[in-house]
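Accompanying notes for the structure given below.
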Amino acid sequence: MKEYIARFGHGSAKLARQAQSKEKTLAKMERGGLTEKVARDKVLVFRFTDVGKLPPPVLQFVEVSFGYTPDNLIYKKLDFGVDLDSRVALV
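Going by my numbering, the sequence shown opens with residue 4, and the numbers climb by one from there.
Okay, here's the thing in structure tokens:
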């Protein structure tokens with residue numbers, strides 16, 4: 004309903020009247036507790052301190068196995084490490 008009001012509130016006379024009517028209806032609904040007022044999203048800001056270069060491996064995996072069933076393993080006993088400049092794809 005708010006999208007309609009925003010879109011047609013300044014258009015032709017007929018659409019503007021319809022938008023005003025919807026705006027009044029929405030205000031009555033909010034006053035009567037039938038709908039909650041729209042809350043604005045909070046703006047979050049993340050700041051991370053620079054930790055510099057981490058020594059390899061950043062992540063180390065030892066004897067990793069994967070399969071959809073225990074009898075049908077796709078990867079078996081893999082050892083590998085992941086560094087900051089590594090690119091990993093499991094296909």
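Note that CB positions come from ideal geometry on N, CA and C, so glycine has one too.
> Using CA coordinates, which residue listed in 29, 44, 43 is at the minimum distance from residue 37?
Replying inline: Taking the first residue of the sequence shown as position 1, residue 37 is located at position 34. The shortest Cα separation from residue 37 among 29, 44, 43 belongs to 29.
> Less than 8 Å separating the beta-carbons of residue 87 and residue 64?
Replying inline: For this step, residue 87 is matched to residue 84 along the sequence shown. For this step, residue 64 is matched to residue 61 along the sequence shown. No, these two residues do not count as a Cβ contact at 8 Å.
> To which residues of the same chain is residue 68 closer than 7 Å at the C-beta, ignoring the five residues directly before and after it?
Replying inline: The residue given as residue 68 occupies position 65 in the sequence shown. The residues are 76, 78, 79, 80.
> Hey, residue 58 and residue 85: beta-carbon distance below 8 Å or not?
Replying inline: Here the question's residue 58 lines up with position 55 in the sequence shown. Here the question's residue 85 lines up with position 82 in the sequence shown. No.
> Can you name the residues that DSSP bridges to residue 67?
Replying inline: Looking up residue 67 in the sequence shown gives position 64. Beta-bridge pairing links residue 67 to 81.
>> Please identify the residue among 32, 18, 66, 20 whose C-alpha is closest to the C-alpha of residue 83.
In response: Sequence index remark: in the sequence shown, residue 83 carries index 80 (1-based). For residue 83, the nearest C-alpha among the options comes from 66.
> Does DSSP put residue 28 in a helix, in a strand, or in coil?
Replying inline: Start at 1 with the first residue of the sequence shown, and residue 28 comes out as number 25. Note: residue 28 maps to helix in three-state DSSP.
> How big is the Cα-Cα spacing for residue 106 and residue 26?
Replying inline: The question about residue 106 has no answer here: the residues shown for the chain are numbered 4 through 94.
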